[in-house]
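Heads up: the sequence shown is residues 8 to 330, going by the numbering used here. Each residue gets a CB set at the ideal place from its N, CA and C atoms; glycine is no exception.
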Amino acid sequence: MRSADRNPGPRAGATAAQSESVDESIAQERERVLHHEQEQDLAASAAAQALASVAAEPGSSKPDPILVAKKVSRRFGGLLAVDVEHLEVQRGTLTALIGPNGAGKSTFFNVVSGFDKPTSGTWRFNGREMAGLSANRIARLGMVRTFQLTKALTRMTALENMMLGATDQLGEHFLPSLIRPLWRAQDKQIEVRADNLLEHFNLAHMRDQFAGTMSGGQRKLLEMARAMMVQPDLLMLDEPMAGVNPALTQSLLGHIQALRDGGTTVILVEHDMDVIMSISDWIVCFAEGRVIAEGRPDDIRSNQAVVDAYLGSQRALPRKQEE
Ligand SMILES: Nc1ncnc2c1ncn2[C@@H]1O[C@H](COP(=O)(O)OP(=O)(O)OP(=O)(O)O)[C@@H](O)[C@H]1O
Ligand SMILES: [Mg+2]
8 MRSADRNPGP
18 RAGATAAQSE
28 SVDESIAQER
38 ERVLHHEQEQ
48 DLAASAAAQA
58 LASVAAEPGS
68 SKPDPILVAK
78 KVSRRFGGLL
88 AVDVEHLEVQ
98 RGTLTALIGP
108 NGAGKSTFFN
118 VVSGFDKPTS
128 GTWRFNGREM
138 AGLSANRIAR
148 LGMVRTFQLT
158 KALTRMTALE
168 NMMLGATDQL
178 GEHFLPSLIR
188 PLWRAQDKQI
198 EVRADNLLEH
208 FNLAHMRDQF
218 AGTMSGGQRK
228 LLEMARAMMV
238 QPDLLMLDEP
248 MAGVNPALTQ
258 SLLGHIQALR
268 DGGTTVILVE
278 HDMDVIMSIS
288 DWIVCFAEGR
298 VIAEGRPDDI
308 RSNQAVVDAY
318 LGSQRALPRK
328 QEE
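Structure follows, in structure tokens:
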């Protein structure tokens, strides 16, 4: 006779209680997923609505632009790498920046985020002029970017990278070796925020691991999490998926969409057209430093200037999937 048969009462009771709590947590999880999906739908439809009446043409005005660039150029010797006449990015959207290699996407990011100086031009972020401000100052005002090649410091732990992200972006000056004593003195809040973000980006288990031991995908996540330390209004991601194991790509994409759904405006530079077409609210196409097209995914898919730019670079634009 099995022990369960000898004394079924209490075990049966425990099992009922257990299954009740399992049912409850399944219901809670379902509720959470549903709520998240509703939020996602709301954010996506709000972004789509805001852009519904915007003309799909270079330089078009947006109803509530978070970023407005005017005549921004960057010349390297004889090469005009960026030559943007007018560009507006609508607040609350996921806007993609596409274009063949060397089109000027990263250089444009460098200039507007304060990491490089323009040859000419001005740009407003949240209604405020940014030209001449340092990258730290711009980050503190809420515009933060990540880099095409990750800048995670490999000999620091994930948490240290996060902490440095906050202080670095907040414009404090100190050597990394001073970090530990500084933490003790500093507000615990930053650490709590770092832990929350690590948790949010599924990196909590890597908290005390050196960034050098993390996979390429995890480092990209870490970089995104680090950029979020200053709670930016605008996050500029330069090829966040590059070099990431395909198994992690979906989760990275989910994180990017979740940032938009949470109210952060996102500008994404990405080469994978399937990704771009599926997640973007708006697409801006660069070629030879200029904005050659703007529009919703469907506008861009059928835009001749975009097709020509990509054909010229031997990089084909994927056709729309049959539904
Ligand atoms: N520091 C620099 N000095 C000289 N030329 C540069 C510099 N940075 C970029 N360039 C040139 O400016 C042009 C635009 O480069 P950029 O990196 O902005 O292109 P991109 O659109 O980001 O390309 P990719 O898709 O390959 O990342 C290229 O011709 C590049 O070689
Ligand atoms: Mg680039």
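Taking C-beta separations shorter than 8 Å and ignoring five residues to either side along the sequence, the partners of N252 in its chain run S222, G223, G224, following chain order. Annotation: the continuous alpha helix (DSSP H) that includes V199 extends over 195 to 207. Inclusion of Q155 in the 7 Å shell around ligand 2 follows from its C-beta lying nearer than that to a non-hydrogen atom of the ligand. By the CB criterion at 8 Å, L241 and I274 fall inside the cutoff. In the DSSP assignment, S80 falls within the beta strand (DSSP E) that extends over 72 to 83.
E277 and I290 have their C-alpha atoms some 11 Å from each other. Look at G121: its beta carbon is at least 7 Å from all of the heavy atoms in ligand 1. A contact between stretches requires three or more CB pairs, one per stretch, nearer than 8 Å, and the region 281 to 288 fails this requirement with the region 79 to 95. The Cβ atoms of A249 and L204 do not sit closer than 8 Å to each other. Going by beta carbons, P107 and A294 fall inside the 8 Å limit. Taken atom to atom, the span from the alpha-carbon of A201 to that of D315 is near 44 Å.
A Cβ-Cβ contact shorter than 8 Å links G66 with E92.
Between G261 and the set L101, V75, V89, the nearest pair of CA atoms involves L101. For the pair G149 and G270, the CB atoms are not nearer than the 8 Å cut-off. With contacts defined as CB atoms closer than 8 Å, F217 and T272 fail to qualify as a contacting pair. Remark: the C-beta of D279 is outside contact range of ligand 2, defined as less than 7 Å to any heavy atom. When distances are taken from the beta-carbon of G106 to the heavy atoms of ligand 1, the shortest one is below 7 Å. With respect to the 8 Å criterion, N133 and I73 are classified as neighbours on the basis of their beta carbons. Considering only G219, M243, M280, A254, the residue with the shortest C-alpha distance to I263 is M243. Not one heavy atom of ligand 2 lies closer than 7 Å to the C-beta of V313. Residue burial annotation: L171 is buried, with at least 16 other C-beta atoms found within 10 angstroms of its C-beta. For A110, the shortest C-beta to heavy atom distance toward ligand 1 is below 7 Å. At the C-beta level, T114 and P247 stay beyond 8 Å of one another. Per DSSP, L260 is one residue of the alpha helix (DSSP H) stretching across 253 to 268. Residue burial is scored here from C-beta neighbours: G219 has fewer than 16 other C-beta atoms within 10 angstroms and is therefore classed as exposed. Taking the Cα of V96 as reference, the smallest distance to any Cα among K112, W130, V75 is reached at V75. With at least 16 other beta carbons inside 10 angstroms of its own, F208 counts as buried. Of all alpha-carbon atoms in L318, I145, E198, R131, the one lying nearest the alpha-carbon of E167 is that of E198. Between the C-alpha atoms of R162 and D281 there is a straight-line separation of about 35 Å. E301 counts as buried, since no fewer than 16 other beta carbons sit within 10 angstroms of its beta carbon. Relative to ligand 1, the beta carbon of L86 is positioned inside 7 Å of a heavy atom. Taking a C-beta distance under 8 Å as the contact criterion, V237 and R147 qualify as a contact pair. Looking at the DSSP output, E95 sits in a beta bridge with V75.
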